[in-house]
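Peer 1: Sharing a structure with you now.
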Amino acid sequence: MSVGRLASRVLIGGLFIGHGTQKLKGWFGGPGLEGTDAMMQSINMHPARRNSIAAGVTETAGGAMLAMGLATPFASAGLIGTMITAIRKVHLANGPWAANGGWEFNAVLIAALVSLAEDPGEVSADRLLGQDRSGVGWGLGALALGAAVSTVAIEAGRRAAQDALADDGTSPHPDTAGDPVTSA
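Position one of the sequence shown corresponds to residue 819 (the numbering used here), numbered consecutively onward.
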């Protein structure tokens, strides 16, 4: 089981590193900060640059920490937060199936991250440092913290969008301004 958890951490963490550097640097065919800003703007995550950097750094640093097994529950919480935000802001309206742009892949990643937060495995930086962060409480805590961070980020984006619209003299619709899940 230790080899399986190590392999899962390295694979999932490595993919998150790639995903984060796509946002930050445009590596691996990614959009870079300018493209990520445009995406953040389109999903009502304001200010766009702050959210672009936050998502990119969380995915890059969280992926690296996950791969090493370093502060695994906290790395998992950050990554869970980005996946919950992606589901809520991008994929939810498309249903579950990834073939339709849905949320199934994000949900699988969340489940894997909760499992790894619960037990990162014997071969991890946490264990080498004598930090035993394992047990169901760590997994559930990572899920709860990720959900809370996602909620705060989405609400902050919504409020920033409303403030920007109010400064322009327009009247946004409360709770739905630019939210692809509830508008259209």
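The C-beta atom is built at its ideal place from N, Cα and C for all residues, glycine as well.
At 4 residues or longer, what runs of the alpha helix (DSSP H) sit wholly inside the stretch 853-896?
Peer 2: With a minimum length of 4 residues, the continuous alpha helix (DSSP H) runs that stay inside the stretch 853-896 are 866-886.
Peer 1: Buried or exposed for residue 831, going by 16 or more other Cβ atoms inside 10 Å?
Peer 2: By the neighbour-count rule (16 or more Cβ atoms within 10 Å), residue 831 is buried.
Peer 1: For the alpha helix (DSSP H) that residue 825 lies in, which residues bound it at each end?
Peer 2: Run containing residue 825: 820-843, per the alpha helix (DSSP H) assignment.
Peer 1: Kindly confirm or deny that the stretch 875-887 and the stretch 832-842 touch, where touching means at least three C-beta pairs closer than 8 Å.
Peer 2: Yes: at least three Cβ pairs fall under 8 Å.
Peer 1: For residue 985, which of helix, strand or coil comes out of DSSP?
Peer 2: DSSP places residue 985 in helix when its eight states are reduced to three.
Peer 1: Apart from the five residues on each side of it in sequence, which residues of its chain come closer than 6 Å, Cβ to Cβ, to residue 997?
Peer 2: Annotation note: pLDDT 43 at residue 997 (below 50); position unreliable, no value reported.
Peer 1: Hey, out of 870, 946 and 963, whose CA is closest to residue 859's CA?
Peer 2: Ranking the options by Cα distance to residue 859, first place goes to 870.
Peer 1: Here's a check: name, in chain order, each residue in its chain whose Cβ is nearer than 6 Å to the Cβ of residue 965, leaving out the five neighbours to either side.
Peer 2: Cβ neighbours of residue 965 beyond the five flanking positions: 902.
Peer 1: For the candidate residues 891, 916 and 895, whose alpha-carbon lies nearest to that of residue 950?
Peer 2: Of the listed residues, the one whose Cα sits closest to residue 950 is 891.
Peer 1: Considering only C-alpha positions, which residue in the set 912, 821 and 888 is nearest to residue 935?
Peer 2: Here the closest residue by C-alpha is 888.
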